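*Asks:*
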Amino acid sequence: MLIKEVKTLIGKDIKLELKQKYVLNGILLYLLSTIFVTYLAFEEVLTTETWNSLFWIILLFVGVNGIGKSFVQESPARYIYYYTIASPQAVVLSKILYNLLLMAILALLSFGMFLLLMGNRLVNLELFLLALLLGSFGLSSILTMVAAIASRASNNFSLMAVLSFPIILPLLLTLMKLSRLALTGSDWSGTAGPLVILLTINFAVIILAYLLFPYLWRD
Amino acid sequence: MTDKIKITGLWWKLLGFLLLLYAVIYGFIVEIPYLDVTKESLRNVFYHVGMWFGMFAMLATSFIFSLRYLRGFHEKEDIVAVEAVNVGILFGILGLITGMIWAKNTWGAFWVRDPKLDGAAVGMFIYLAYMVLRGSIDDIHKRAKVSAVFNIFAFILWIVFVMVLPRISGSTIHPGQDGAPIMALNLSSSTRVVFYPAMAGWILLGFWIMNLRVRMRKLRMKNEE
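Heads up: the sequence lines are chains P and E, in that order. To convert, note that position 139 of the first sequence is 139 in the working numbering; the numbers rise steadily by one, no gaps. To convert, note that position 140 of the second sequence is 359 in the working numbering; the numbers rise steadily by one, no gaps.
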């Protein structure tokens with residue numbers, strides 16, 4: 001039942017996104033132009049450390065902008081309709097999974113742009129892709145939850161950043177640590193710790209979202 | 220319901236006052252281990268660390284009351300949650316100030332890169348954001364519900380952050396951690412005589428201020444009705 005609802009809702013979100021292409025195009029262009037501005041701003045070749053930090057910071061900003069609209073995109077009346085046909089758990093899980101898809105696409109695109117413009121520093125591609133996947137998942141789940149919170153308040157967009165930046169730090173710093181390992185060495189030694197932390201954070205956030213979202217869903 | 224929230228009575232306030240009085244007076248008299256780096260500044264442990272104990276007690280209280288709010292939606296519990304955060308922020312700022320003055324004299328800079336300092340700063344950002352969130356919702360029931368959800372979500376992630384950070388960003392130079400250059404918190408028995416009562420005193424003071432603020436807010440609400 002839950003799975004069926006989640007599937008239907010994800011399908012709805014994808015259709016909606018493809019129908020209102022300007023939202024998706026806007027976020028893609030935001031990503032590309034941010035990376036290009038950064039590329040022009042740094043004249044010398046980036047060190048591995050700067051490459052890594054810039055990559056994740058840009059992805060964070062793109063995520064905040066891309067996911068921030070999750071609960072304000074449709075009209076309030078439409079949400080009242082959803083109350084009557086779907087459970088809140090299905091709504092939040094479908095949003096997280098849909099945003100995971102969005103973040104994964106944005107992360108891969110951002111990665112491609114970095115390879116093109118900022119130079120290839122990669123020595124362990126598999127590890128970096130794993131970091132991208134876990135990162136997309138974590139960013140998607142935390143930011144979806146924050147988007148749900150911010151959507152209940154006025155001045156939604158500045159709140160989105162203010163609320164999410166401090167609480168996303170454990171995830172972001174662990175991701176940076178993991179991808180730094182992928183940029184500096186080809187072996188997998190030392191990756192177990194960060195991987196366990198990332199999985200724990202993702203797991204905890206999903207549980208919290210599942211339990212807390214019903215309180216946000218209805219007035 | 221109200222009796223559970225209001226810890227009325229004189230005894231614990233008096234106890235908190237006496238413990239702090241004792242800590243302030245005896246904290247400057249007691250024999251402390253003399254270390255080359257810290258010298259007399261080691262006495263800061265009675266006050267600076269107390270601020271963090273107080274802050275943590277307040278934020279944990281706020282977390283518990285947010286959980287309780289979501290169970291029954293009683294407005295009183297939301298009031299305790301927000302006032303606990305207010306006092307927590309006050310203690311946090313005092314903790315930052317006392318820490319920074321100490322750091323300038325010991326490490327030579329007001330701020331250094333260190334997991335403990337960063338964890339504290341992030342905690343401040345989270346709870347200032349909590350106050351901004353509350354400010355941007357007009358309806359009181361909605362405000363209580365949404366901010367309770369954020370409080371629970373953020374507190375847990377903050378605890379994760381504080382636990383995770385030392386593991387990923389290397390060792391700390393802050394006293395009180397294994398391997399830190401100054402093991403000041405490896406307290407001598409003479410320091411402990413002041414340290415533990417001082418910690419209890421700061422926590423009780425926190426509850427006292429919170430209690431006053433909660434009562435004030437309730438009176439103001441009654442007045443408006």
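Think of the CB as a built atom: it goes at the ideal place given N, C-alpha and C, for glycine as much as any other residue. If you're wondering where the values come from, they're calculated on a predicted model, not measured in any experiment.
Just verifying my parser: in three-state terms, what is the DSSP assignment at E/S281?
*Replies:* Residue mapping note: residue 281 of chain E aligns to position 62 of the second sequence, counting from 1. In the structure shown, E/S281 sits in a helix (DSSP, three-state: H, G or I).
*Asks:* Give the C-beta separation of E/F380 and P/P194 to the nearest angstrom, bearing in mind that I take them to be a contact with Cβ-Cβ under 8 Å.
*Replies:* The sequence position of residue 380 of chain E within the second sequence is 161, counting from 1. The sequence position of residue 194 of chain P within the first sequence is 194, counting from 1. Not really, about 14 Å apart at Cβ, beyond 8 Å.
*Asks:* For E/V306, verify whether its CB is less than 7 Å away from any heavy atom of the ligand ZN.
*Replies:* Looking for the ligand ZN in the displayed structure turns up nothing, as the structure carries no ligands at all.
*Asks:* Excluding the 5 residues flanking E/R353 on each side, which residues of the same chain have their C-beta closer than 7 Å to its C-beta?
*Replies:* Here residue 353 of chain E refers to the residue found at position 134 when the second sequence is read from its first residue. Excluding sequence neighbours, E/R353 sits near V301, R362 and S366.
*Asks:* To which residues of the same chain is P/L208 closer than 8 Å at the C-beta, ignoring the five residues directly before and after it?
*Replies:* On the first sequence, position 208 is the one that residue 208 of chain P refers to. So the qualifying residues of the chain are M145.
*Asks:* When Cβ atoms are compared, which residues of the stretch 353-373 of chain E fall closer than 7 Å to chain P?
*Replies:* S355, I356, K361, K364, V365, V368, F369, I371, F372 and A373
*Asks:* 8 Å is my cut-off, CB to CB: does P/V23 come that close to chain E?
*Replies:* Along the first sequence, read from residue 1 onward, the residue named residue 23 of chain P stands at position 23. Output row for P/V23: interface = no.
*Asks:* For E/R386, which residues in chain P fall below 8 Å Cβ to Cβ?
*Replies:* For the purposes of this step, residue 386 of chain E is identified with residue 167 of the second sequence, where counting begins at 1. Per Cβ cutoff of 8 Å: G193 and I197.
*Asks:* Using three-state DSSP, classify P/I206 as helix, strand or coil.
*Replies:* Here residue 206 of chain P refers to the residue found at position 206 of the first sequence. Correct three-state label for P/I206: helix.
*Asks:* Below 8 Å, can you find three or more Cβ-Cβ pairs linking the stretch 297-313 of chain E to the stretch 269-285 of chain E?
*Replies:* Remark: three or more beta-carbon pairs, one from each stretch, lie closer than 8 Å, so the stretch 297-313 of chain E and the stretch 269-285 of chain E are flagged as touching.
*Asks:* Using beta carbons (cut-off 8 Å, strictly below), is E/F284 in contact with chain P?
*Replies:* Residue 284 of chain E sits at position 65 when you count from the first residue of the second sequence. For E/F284, the answer is no, since every Cβ of chain P falls outside 8 Å of its Cβ.
*Asks:* Once DSSP output is grouped into helix, strand and coil, what is the label at E/I392?
*Replies:* One-based indexing of the second sequence puts residue 392 of chain E at position 173. Three-state DSSP puts E/I392 in coil, outside helix and strand.
*Asks:* Among the candidates P/Q73, P/L109, P/T200 and P/A192, whose CA atom is the shortest distance from the CA of P/K21?
*Replies:* What you label residue 21 of chain P is simply residue 21 of the first sequence in a count that begins at 1. Checking every option, the nearest Cα to that of P/K21 belongs to P/Q73.
*Asks:* Anything in the stretch 141-164 of chain P with a Cβ closer than 7 Å to a Cβ of chain E? List those residues in chain order, please.
*Replies:* Those would be M145, I149, R152, A153, S154, N155, L159, V162 and L163, in chain order.
*Asks:* Whose C-beta lies closer than 6 Å to the C-beta of E/G318 among residues of the same chain, with five residues either side of it excluded?
*Replies:* By 1-based counting over the second sequence, the position of residue 318 of chain E is 99. Excluding residues within five positions, the ones whose Cβ falls inside 6 Å are H267.
*Asks:* Can P/S141 and P/V64 be called in contact, C-beta distance under 8 Å?
*Replies:* By one-based count along the first sequence, residue 141 of chain P stands at place 141. By one-based count along the first sequence, residue 64 of chain P stands at place 64. No, these two residues do not count as a Cβ contact at 8 Å.
*Asks:* Determine the chain P residues that contact E/I251 at a beta-carbon separation under 9 Å, and present them in chain order.
*Replies:* Within the second sequence, residue 251 of chain E is the residue found at index 32, counting from 1. Within 9 Å Cβ-Cβ: nothing; E/I251 doesn't reach chain P, min ~35 Å.
*Asks:* Would you tell me roughly how many angstroms separate the C-alpha atoms of E/I401 and P/N202, rounded to the nearest one?
*Replies:* For the purposes of this step, residue 401 of chain E is taken as residue 182 along the second sequence, with counting starting at 1. For the purposes of this step, residue 202 of chain P is taken as residue 202 along the first sequence, with counting starting at 1. Because E/I401 sits at a pLDDT of 49, beneath the cut-off of 50, its placement in the model cannot be relied upon, and the point is left open.
*Asks:* Taking all protein chains shown into account, decide if E/P334 is buried (16 or more other Cβ within 10 angstroms of its Cβ) or exposed.
*Replies:* Position 115 of the second sequence holds residue 334 of chain E. Per the 10 Å Cβ criterion, buried.
*Asks:* Measuring only the C-alpha atoms, how far is P/Y210 from E/E296?
*Replies:* Within the first sequence, numbered from 1, the residue matching residue 210 of chain P stands at position 210. Within the second sequence, numbered from 1, the residue matching residue 296 of chain E stands at position 77. About 23 Å.
*Asks:* Per the contact definition of three or more C-beta pairs closer than 8 Å, is the stretch 414-424 of chain E in contact with the stretch 239-249 of chain E?
*Replies:* yes
*Asks:* State yes or no: is the beta carbon of E/F344 nearer than 8 Å to at least one beta carbon in chain P?
*Replies:* As a first step, residue 344 of chain E must be located in the second sequence, where it is residue number 125. Chain P, which has a Cβ nearer than 8 Å to the Cβ of E/F344, makes this yes.
*Asks:* Please state the DSSP three-state secondary structure of E/K361.
*Replies:* Here residue 361 of chain E refers to the residue found at position 142 when the second sequence is read from its first residue. Of the three classes helix, strand and coil, the one that applies to E/K361 here is helix, per DSSP.
*Asks:* Please confirm whether E/I345 and P/P166 have their CB atoms less than 8 Å apart.
*Replies:* Here residue 345 of chain E corresponds to residue number 126 of the second sequence, with the count starting at 1. Here residue 166 of chain P corresponds to residue number 166 of the first sequence, with the count starting at 1. One thing to note: E/I345 has its Cβ within 8 Å of the Cβ of P/P166.
*Asks:* Run through chain P and tell me which residues come within less than 8 Å of E/V433, C-beta to C-beta.
*Replies:* Taking the first residue of the second sequence as position 1, residue 433 of chain E is located at position 214. Residues of chain P whose Cβ lies closer than 8 Å to the Cβ of E/V433 do not exist; the shortest such Cβ separation is about 23 Å.
*Asks:* For E/K295, name the three-state secondary structure that DSSP assigns.
*Replies:* Position 76 of the second sequence, counted from the first residue, corresponds to residue 295 of chain E. In this structure, E/K295 counts as helix in the three-state DSSP scheme.
*Asks:* Within the continuous alpha helix (DSSP H) that includes E/V256, where are the two ends?
*Replies:* Position 37 of the second sequence holds residue 256 of chain E. From DSSP, E/V256 is part of no alpha helix (DSSP H); its letter is neither H nor E.
*Asks:* Work out the CA separation of E/Y245 and E/F414 for me, nearest whole Å.
*Replies:* Residue mapping note: residue 414 of chain E aligns to position 195 of the second sequence, counting from 1. Residue mapping note: residue 245 of chain E aligns to position 26 of the second sequence, counting from 1. Going by the C-alpha atoms only, they are around 10 Å apart.
*Asks:* Given a threshold of 16 other Cβ atoms within 10 Å of its Cβ, counted over all protein chains shown, does E/R287 qualify as buried or as exposed?
*Replies:* Your numbering for residue 287 of chain E matches position 68 in the second sequence. When all chains shown are included, E/R287 counts as buried.
*Asks:* Which residue marks the beginning of the alpha helix (DSSP H) containing E/N442, and which one marks its end?
*Replies:* Position 223 of the second sequence, counted from the first residue, corresponds to residue 442 of chain E. S408 to E443 is the extent of the alpha helix (DSSP H) around E/N442.
*Asks:* Helix, strand or coil: which one does DSSP assign to P/T8?
*Replies:* Locating residue 8 of chain P in the first sequence gives position 8, where the first residue counts as 1. DSSP places P/T8 in helix when its eight states are reduced to three.
*Asks:* Spell out whether any CB of chain E is found under 8 Å from the CB atom of P/P88.
*Replies:* Within the first sequence, residue 88 of chain P is the residue found at index 88, counting from 1. So no, P/P88 is outside the interface.
*Asks:* Of all the CB atoms in chain P, is at least one closer than 8 Å to the CB of E/I375?
*Replies:* For the purposes of this step, residue 375 of chain E is identified with residue 156 of the second sequence, where counting begins at 1. So yes, E/I375 belongs to the interface.
*Asks:* Beta-carbon separation of P/L178 and P/A131 under 8 Å?
*Replies:* Here residue 178 of chain P is taken as the residue at index 178 of the first sequence, counted from 1. Here residue 131 of chain P is taken as the residue at index 131 of the first sequence, counted from 1. Closer than 8 Å, so yes.
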